[in-house]
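Quick notes on the structure that follows.
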Amino acid sequence: MEETTIYNPTAVQALTCLRVCEMLSNRLLDIHLVRFDEIERYVYILAGDEMEILIFPEGNWRFNDET
1 MEETTIYNPT
11 AVQALTCLRV
21 CEMLSNRLLD
31 IHLVRFDEIE
41 RYVYILAGDE
51 MEILIFPEGN
61 WRFNDET
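Okay, so the sequence shown: first residue is 1 according to UniProt numbering, each after it adds one.
Pasting the structure below:
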């Protein structure tokens, strides 16, 4: 039986996620989805009409403009 490794967001990634969500809510944007991708190890946030944000393990974040 294969052993599965479970990954969690890094501490800095989690804090960045909180700050980004706070910025979004301060602008009165709905936050529809927050998801941690265990394979790619980034946090994905879907907010507003079509705003997508990626937060990487080092705490860097960017808008996802891939369509």
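Ideal Cβ positions, reconstructed from N, Cα and C, are used throughout, including at glycine. Remember, it's a predicted structure, so these values are computed and weren't measured experimentally.
On the DSSP bridge list, what partners appear for residue i?
i, result
"Arg27", "Arg27 is not bridged to any residue."
"Asp49", "Bridge partners of Asp49: none, in fact."
"Tyr44", "Arg35 and Leu54"
So what's residue i in DSSP terms, helix, strand or just coil?
i, result
"Arg19", "helix"
Going by beta carbon distance, what residues of the same chain come within less than 8 Å of residue i, once the five residues before and after it are set aside?
i, result
"Ile6", "Glu38"
Taking all protein chains shown into account, do 16 or more other C-beta atoms lie within 10 angstroms of the C-beta of residue i, making it buried, or fewer, making it exposed?
i, result
"Ala47", "buried"
"Thr16", "buried"
Could you tell me how far apart the beta carbons of residue i and residue j are, in whole angstroms, since I believe they sit closer than 8 Å?
i, j, result
"Pro9", "Val43", "6 Å"
"Ile53", "Asn64", "7 Å"
Taking 7 Å as the limit between beta carbons, can you name the residues of its chain near residue i, skipping five residues before and five after?
i, result
"Leu24", "Ile31 and Ala47"
Output needed for residue i: all residues of its chain with C-beta closer than 6 Å, excluding positions within five of it in sequence on either side, in chain order.
i, result
"Val12", "Gly59"
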